[in-house]
Structures are given as C-alpha cells and as structure tokens.
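Sequence positions in the sequence shown follow mature numbering (1 follows the signal peptide of the UniProt record, and there is no 0) and run -23 to -1, 1 to 923. Comments concern the structure below.
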Amino acid sequence: MMASFTRFLLLFTAFSLFMPSLSIDVSYDGRSLKIDGEPKIILSGSIHYPRSTPEMWQPLIQKAKEGGIDAIETYVFWNAHEPLRRQYDFSGNLDLVRFIKTIQSEGLYAVLRIGPYTCAEWNYGGLPVWLHNIPGIQLRTANPLYLSEMKTFTTLIVDMMKRENLFASQGGPIILSQIENEYGNIMGPYGEAGKEYVNWCAKLAESFNIGVPWIMCQQSNAPQPMINTCNGWYCDQFTPNSPNSPKIWTENWTGWYKGWGLKDPHRTAEDLAFSVARFFQYRGTIMNYYMYHGGTNFGRTAGGPYITTSYDYDAPLDEYGNLNQPKWGHLKQLHSILKSMEDVLTQGSVRDINYETLVSATIFSYQGKSSCFFGNAKSENTTINFQNTMYTIPAWSVTILPDCSTEVYNTARVNTQTSIMVKKDNQADDAEEPFVLKWKWRPEHHFEHIKKKGFVDGSVMTIEQLLDQKTVTNDTSDYLWYYSSFDLKKSNPIWGKETTLQVHTSGHAIHAYVNGKLVGSQYADNGKYDFVFEKKIKLKEGLNHISLCSATVGLANYGANFDKVPVGISSGPVRLIAKQRLNDARKFGKKKYILEDISMELDHSKWTYKVGLHGEEELKLQDPYFSQHQKWSQGPVPTNRMFVWYKTTFKAPIGSDPVVVDLMGLGKGHAWVNGHSIGRYWPSYLAGEDGCSSECDYRGSYSNSKCLTNCGKPSQRWYHVPRSFLRDDENTLILFEEAGGYPFDVKFQTVTVGKACANAYEGNTLELSCQGGSAISEIKFASFGLPEGACGSFRTGSCESSNALSIIQKECLGKERCSLDVSEKSLGPTGCKATNRLAVEMTCDNPNHYKNTRPSGEAATGLQTRQLCRNKTLGRGQRKLVLISAILQKIQTARATKWPYDHYNNTRPSAYQTIIQKKTQGRGNTQSRSWFSFQQFCRKYKQPEP
C-alpha cells in the first residue's frame, strides 16, 4: 500500500511540474482592482532593480512586506538592457526575470512599468542614446522609426515575461503593466502627432494580450481600456477619465531626489501618511510609493543632469536598505489599519459630511459595519461633533476610526521610534583608516594620443564641424575630447597680441589645454548648463594644438523633446580673440585710439574626436585584473592634481551593516570597488548656505523646497559599497579624479542605528530596535506621563510614572529589539489628567556593552580626555605632550581592567604611537601636524574639538 502511494506521489509530482500555473484573474470596476473576483486595496512600493544588487533584492522586498506592502513596482530601463542597438544585457542587477521571481517568492504582487520611457531621474530617461543617432528619428511621437524601435523592445520584454509565466493570467505576480509614462505632462508640443502616438501605444499594449490591465500615468486622454492614473505628492482629488476605472496613484513621492550643489529635501512621516489616508478617504484603491527604496545610481546611470549618485529619495527604506524611521513604522501601522477595512472601503456605500472648509468626515458602510475618516487639511487643530461625540482632529491630519467610534490612528501622531543613524569606523582595519590605506597613483595620459602631424591615436573621426557629444560618444563615456590645431604665422593679425580662448558649450564641464598645458576649467552651475568659457592663452609661431575635454554629469531625462537638448561643444563658437589698437586722433578725439576685437573662428577647422579616458577605455584601470598589470607609482602621491588615477586596498568592514566609503577631500570623478562602479562622486560641490532649518513643520502642502537640510555641506559625501561587491580578503578601490583632490582622508565605514527616540501616545505598542547585531545598551531617558522637549533634550513634565524607567530597562536592555505596551497597566500610574505619552531615548552598541560599567580608572581617563579636548588655553606643544600621555593612559587602563568594549580590546599601543609618529614627522610644520593629531584624537573619542 505504501509503495503504491509513493508511486502515485511521484507521478503526481512529475505531472504537476509540466502543468501550467494556476491563472489569476485580474479585473476591475470603478471602486477597485479585483483579484479572482475579490475587491482589493493594493499598497505598492517602488524598488528599482538596477539601483540595488541581486543580493539586496530579497531583504528589501521582505522589509517592504513586513511594512505592509503587498506589491512591488518597477520601471524597465531600456538603455540599461540595450545600451547598443540589438546588444542586450539582462545579467547581474539587470536580471529582470530574477527580480520579478524574487517578488513572487515573497508572496507579493508586481506592477511592471514597461514604458519604455521612464524619466526616474535616470540617464536620458531610460531611452538609449543610440536612438538619437538614427537619421530621421523623432522620439516619443508618431515617428515610424521610433515606433518600430519601441515596439521591438516592448515586445522583447513582454515575451520574456510570458516565457517565464510571470503575468497573473499565467499564475505569475504581475497584476498591472504600464505603457509610456507621464506623456500627458509634455504632450502639447507634439501636437496631433502626440495624440496619434498615445493611441498607437494603447493599441500596441492591447495587442500583447497579457491578461492583466494596462495603465497610463498622467494621461487624462488615455483611450479605453487603458486606465489613466495620477502621480504627485497628493492625489486625493484625482478622478479617472472613466467611471469604470479604479482610482490609482502610481507615484506618491515619498520625498525627492538629490542634485549636485543642492540641499537635502525631506518629507515628514506625518505628511506622507496624511496624503495616503486622504487618498483612501476619497475612494482611492491602489497607491504606490515612489520610492519605497530609492537605492543608488551605480555607474553612469544618474540623469538630470546633475542627479547625485545617491537616489535615497527619503524613502521608507534608505539608500542602503535600512529602515528609515519613523517613516517606515508610521506607514506600517497605517497599512495594517487600511487592510483591516478592505471590504468596507472597496464595496461599501459612501457618505461625506463637510463641517467647514477643509474639514470633513467620510463614512463607509457595508454589511452592517461602518468605518470613518475625519480629515482636517487646515494648519490648526479643529473639533467636530460626530454622532453627538466631540472629536479633536490635529492640524493637517486624518483620523481613522474603523468602527466610526474609536480613534485608532491619526496621521499626525507618530508612535514609532525615530532612528538616528551613525557611521562607524572600519574595525577590520582596527579603526585606523584613513592612515593605514596605502595609495598608488598614475596620471591619465591624454596627451599621449597626440602623434606627429596631428594624428590622434584612438580617435573616432575627424571632421570640419563641431558635433554634439551624444552623437559622438553614443553615451559610452562622460568624456569627449575635441582636438584641433592651426598654423600661426607672424602675418596673422592675432600674432603677438594678448589672446583669449573663447568656447561656448552646453556641456557640464570643460577642461581646456593649449599646446599640452591646462589653461583652465569651468563647471556649469546646477540648472545652468549653457555657458561661455574664456581664458587668456599664449600661442607660439607655427603649429598650435587646442584640446578641449567636454564632460557630462548625466543627460536630461524629462521634458518635451528632452532628447534634443544639446550637449557638449555642439555648435560653438570656438574662437581666438585678440585686441587690435586703432589709432585716429580725428576720429576718436582725446582718447586718440580704441581697442577692437580680432577674431579667429575655429568652428569649421578640422576637429578630431576621441571618446573617453585612456585609463578607462584602453588600459581598463578600473578593473583590478587589468590594473595589476599596469605600472602604478608608489612614490610621492600627488594631491590637488587633475586627471589622475588613485588606487588602494582595504579590508571589508566586519558585520552585516551597510558599507559606505567617505570620499571627503576629493574633487570630482568616478569610483570603483573590485571593478564594480559605485558611481560618480563630487564631494567638492557644496550645497548653498541658505534655506535650511533645524525645524520642519509637517503642516501645509509639501514641495521639494520645504524642510531642507545640509546647507553649506557636500551634496554627497558618502557612497554606497554593497556588501556583494566586497571580498573576504583584500579589496581594491580605484578612483579617477577629474578635478583634483586629496585622497588621504578616504575611509570605509558602516551605517547603523546609533540611537533612537520615541514619543508614543498611550494605547499604542512602541517597538524599539537596533540593527546589525547591536543591542540596546542604554536607556538615556524614559518618562511616561506628560514629558516635554524633543529627541536629545527630553525632560520630565508635570506628572509621570515613577516605575517607567526601570520597567523599560528590564524589558529592553541587551536586546536587539523590544516591544512596549504604552499604558498605565504596563508602565505604572501617572496621575496625569491629559493623555499620557511615553518619551524614550536609547542607544545601540555592542551586545555586551550594557552589562559593563566603566571602571574608575577609565572614568578618570575619560574625564581627562574631555578636559583636554575642551581646553583652549593649552599651547599646541603642551597639547601634543598631554595627548601622548592620555593615549598611553587609556591603553594601560584598558589592558589592566580588560574591559570588554570592542573599541578598547582592539586598541594597540603601537597603533597610536604610529599615528602620532606619522602626524608629527616628515615635511611641513610640526605644530600643524601635532594639532592635526590632536583633532583626530578628539574625534576618535567623540569629544568636542577645540
């Protein structure tokens, strides 16, 4: 009997392997999307697969799922998959099929936005630049050449998904697909051809017969059965163009992108939750966060121009995949409540009550159950009478009452911890970076290409015309060299006169060389990419060489005809200008002469073009395998030198926390770790000094100019190094420095929760957590009652529980996470007459740290260190002596007590003596070096610097 059952089981298993997956029916009406006939609320989050790594995908999706997300949305990036015509790449972090299957393995739905235009602050909006170079083509309009190419790629993606049974109609996770993207925003300039294009897109989508609905975002004239959808910070007032279409929000912007030279934007958790709750109050059914995880613009994928390598977007999961608290947790609680109301929201009758301007109540009723939303879009609190009960609604908030009686959630009351992230030094190198990094270097020999008779080795063409940079490079490099030469004779009017080189460029940077010498560089300001470069130059009799390097920092990705925006020294003019003196006393009066410009036009000279860098294109210095076969200098490492390559090795940081590299001190360039591009860097470009505020008021409509931070600091200082890029043994960092910088401050760090604060209301459950193996090491403050102040400056109020601190310490210390019931039953009576709140401030550290108290010897040394660092009256020589004494005392104390804190276990006398020795010997001023050591010491022990 058992043998027969076993044979049956084997046959059934084998048969099932060849059976098609059970299909999922996806339909919709005016109230909701329906999965197998059941109306659904869909809470989706954008995670772009090329902005992370395959090793990150599952953890990111798991965190999204834990946060209450039930669908993952992504664009498909045409230029990443087809960088050259008919040459496809679906490997590594471009493995779209693997990404969709990872979503499926976590039990979530997928929304596939094929486009294939994306915008997304992605280089050239996701379109391949080779399209631009097809004669006669016009992009994103009813142009036969473009329609053919778009159809070819879209068909490729659809067929790929079908082969893998990834559409819901085949049993896969994809429940919605999108054609085109935000075309309605910019359709006007395309005229009738634009309208024709929209209709063509709809017909193309329908022809694929994928069995799931198609959407068109920001397309009010989307033809049926396309569902038009909304993008923006708020979409509660959006109405689809058909009463039979559900209300879908494809992009709820969780923050905003960052730009070089710009400040950091921040959207509060309160405002984001307000926008979501208000959307569902006004009959919304599908909402997608753009972004839920923003990630990193690896390589040269950042668009803009001038979009930073970080695409953090202030999303619920930060660039590295950490929880962005309180945003992640505050939204998680909202998602749980919305899902609990799914039936009544999608099937119930709806009634609105307007109390006053911007204040309303919405009642959903279904099968004897009612759920309510109270909305207040004013900037001050308001009170309403609902069913003979008074309710106070905080300013700019939505209150949710699942039973229309009990308030369970208000968007302005955050009951989640706020995490303060810190960057910790690399313990694999005993926290001695940057001093232990050994640098090598080599120049970028761009003038080695100039041969006799003006021939340029590796050039792609010579033509008597200035060409657009996109036309020549096909977007294979940020750099294009324009070479020209001319024979200057004494008979030429500009001979012997003060001469200026003038170049009109639409590039983002220009570096000009005359006869092999740099005469100047100029960078465009963010948003002003068309400028004139002028520098005085010296010419010689005979043959003169002009070399102009045009550099881009991402191509335009948005707007009507964005593909036609000129890039590089595309139209000139390029000219030499000299001053000629005209003498004529009768004509010019008392002045007797004037200076007149003499111009020598070079636009139609012979221009030779070379794409890219010699070190990158020919020598492949960015690849450790090839770079090890090239000669690198170990002699004096130059600093503040343009066009130079740097190389060093480092150990992978210990643990599981995300890794970043601090590139402070460098100028502008590109970085690679073990051959993987971690993107462009530009820490020398500082954000403006004005416009930031330490306070951020969530009330009122959000825009990307609100709640700005990081004034006067680098737009991006730290750069993500995914753990999958690292090896267990030696790792290689290679930098191409374009602008000139100082590599000796470069160091690797990990990003983790340093401390966290919370201010939760009674009746909620407060979750506190650290990450990466760290534990809650100290409860710095805890008060349950009416605490006052904010994180870092909490203080007790007029009433509080006397037991809260000890209860929380017992519950949380030594644990990576703990859960607290915020109630008098759990935390003790307060005697307060108002609603109680729990304010907590905690620190995260080594799991063993909380068990140990610093011994008196260490306490004395710590006091000495603080006094030393704060003492501004000591001379530098005195500080040096006290510094050495303090370090030795720290070492001796740590050894004598054998205190288990890692920082001291890893302390070695020789290491600190080496630091002092390095910083106080060699060339230069001894006092300056000892002062530098003193500052390093204060930073290392986290004391204020004098």
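Ideal placement from N, C-alpha and C gives every residue a C-beta, glycine not left out. The structure displayed is predicted, hence computed values, not measured ones.
Presumed contact (8 Å Cβ cut-off) between residue i and residue j, rounded CB distance
i: THR476; j: ILE546; result: So it is not a contact: roughly 19 Å between Cβ atoms.
i: ILE152; j: VAL106; result: About 33 Å separates the two Cβ atoms, so there is no contact after all.
i: ALA555; j: ALA405; result: With 8 Å as the limit, ALA555 and ALA405 do not qualify as a contact, their Cβ atoms being about 59 Å apart.
i: PHE256; j: ASP213; result: 5 Å
i: LEU643; j: TYR719; result: 7 Å
Distance between residue j and residue i (C-alpha atoms, nearest Å)
i: PHE130; j: ALA199; result: 22 Å
i: ASN331; j: TYR368; result: 15 Å
i: PHE771; j: ARG390; result: 17 Å
i: PHE350; j: TRP55; result: 42 Å
i: LYS505; j: THR262; result: 41 Å
i: SER692; j: GLU818; result: 29 Å
i: residue 925; j: LYS467; result: With the chain represented from -23 up to 923, any question about residue 925 goes unanswered, as that position is not in the structure.
i: SER462; j: LYS515; result: 14 Å
i: TYR586; j: GLN605; result: 29 Å
i: ALA767; j: CYS684; result: 17 Å
i: ASN823; j: CYS747; result: 11 Å
i: ARG62; j: LEU124; result: 15 Å
i: PHE144; j: THR339; result: 36 Å
i: ASN902; j: VAL728; result: Note that ASN902 scores 37 on pLDDT, short of 50, meaning its location in the model is unreliable and no value can be drawn from it.
i: LYS597; j: HIS653; result: 12 Å
i: ASP639; j: LYS11; result: 48 Å
i: ALA781; j: VAL730; result: 23 Å
i: GLY689; j: GLY665; result: 5 Å
i: GLN479; j: TYR658; result: 28 Å
i: ARG700; j: ASN651; result: 11 Å
i: ILE523; j: SER68; result: 41 Å
i: TYR535; j: ASP667; result: 27 Å
CB contact below 8 Å: residue i versus chain D
i: PRO27; result: This model lacks chain D altogether; it includes just one protein chain.
Extent of the continuous beta strand (DSSP E) run through residue i
i: ASN780; result: Taken as a continuous stretch (DSSP letters only), ASN780 belongs to no beta strand (DSSP E), as it is neither H nor E.
i: ALA372; result: No beta strand (DSSP E) holds ALA372; DSSP gives it neither H nor E.
i: LEU643; result: That residue, LEU643, is in no beta strand (DSSP E); it is neither H nor E in DSSP.
i: PHE479; result: Here residue 479 is Gln; the residue named in the question, Phe, does not match the sequence. Run containing GLN479: 476 to 482, per the beta strand (DSSP E) assignment.
i: LEU525; result: 519 to 528
Residue closest to residue i, alpha-carbon to alpha-carbon, out of the options
i: ALA533; options: THR95, PRO470, GLN442 and ARG772; result: THR95
i: TYR288; options: ASN651, SER29, ALA648 and GLY717; result: SER29
i: GLY762; options: ASN736, GLN214, GLY232 and PHE215; result: ASN736
i: ASP136; options: SER184, TYR167 and ILE46; result: SER184
i: GLY352; options: SER252, HIS422 and LEU300; result: SER252
i: ILE134; options: HIS270, GLU59 and GLU83; result: GLU59
i: residue 931; options: HIS422, GLY473, LEU465 and ILE471; result: No answer is possible for residue 931: the residues shown for the chain start at -23 and end at 923.
i: SER779; options: CYS789, LYS757, PHE275 and GLY808; result: GLY808
i: TYR662; options: VAL175, GLN499, LYS474 and GLN115; result: GLN499
i: THR132; options: LYS180, ARG700 and ASP402; result: LYS180
i: TYR174; options: ASN186, MET193 and GLU573; result: MET193
i: ARG552; options: TRP233, GLY232 and ASP574; result: ASP574
i: ASN741; options: ILE785, ARG814 and GLY149; result: ARG814
i: ALA97; options: GLY271, MET164, THR453 and ASP634; result: GLY271
i: ASP600; options: VAL3, ASN521 and TRP622; result: TRP622
i: SER714; options: ALA537, PRO27, TYR456 and LEU703; result: The sequence as given places Glu at residue 714; Ser does not occur at that position. Out of ALA537, PRO27, TYR456 and LEU703, TYR456 has the C-alpha closest to the C-alpha of GLU714.
i: THR285; options: LEU294, PRO293, THR273 and ASP295; result: THR273
i: TRP226; options: LYS139, LYS417, ALA354 and SER23; result: SER23
For residue i, the residue or residues it bridges with in DSSP
i: THR820; result: LYS732 and GLU755
i: PRO112; result: None, per the DSSP bridge assignment.
i: THR262; result: None, per the DSSP bridge assignment.
i: residue 925; result: Only positions -23 to 923 of the chain appear in the structure, and residue 925 is not among them; the question remains open.
i: CYS349; result: ILE340 and LEU378
i: TRP226; result: CYS207 and MET264
i: LEU89; result: THR51 and SER154
i: CYS795; result: LEU745
Opening and closing residue of the alpha helix (DSSP H) in which residue i lies
i: residue 963; result: The structure shown has nothing for residue 963, since the chain only spans -23 to 923.
i: CYS688; result: Here CYS688 belongs to no alpha helix (DSSP H), and DSSP marks it neither H nor E.
i: LEU124; result: 121 to 140
i: ILE77; result: 73 to 82
i: CYS747; result: Where CYS747 is concerned, there is no enclosing alpha helix (DSSP H), given that its DSSP letter is neither H nor E.
i: GLU183; result: 168 to 184
Contact test: residue i Cβ vs the ligand FMN heavy atom, cutoff 7 Å
i: PRO31; result: Among the components of this structure there are no ligands whatsoever, and the ligand FMN is therefore not found.
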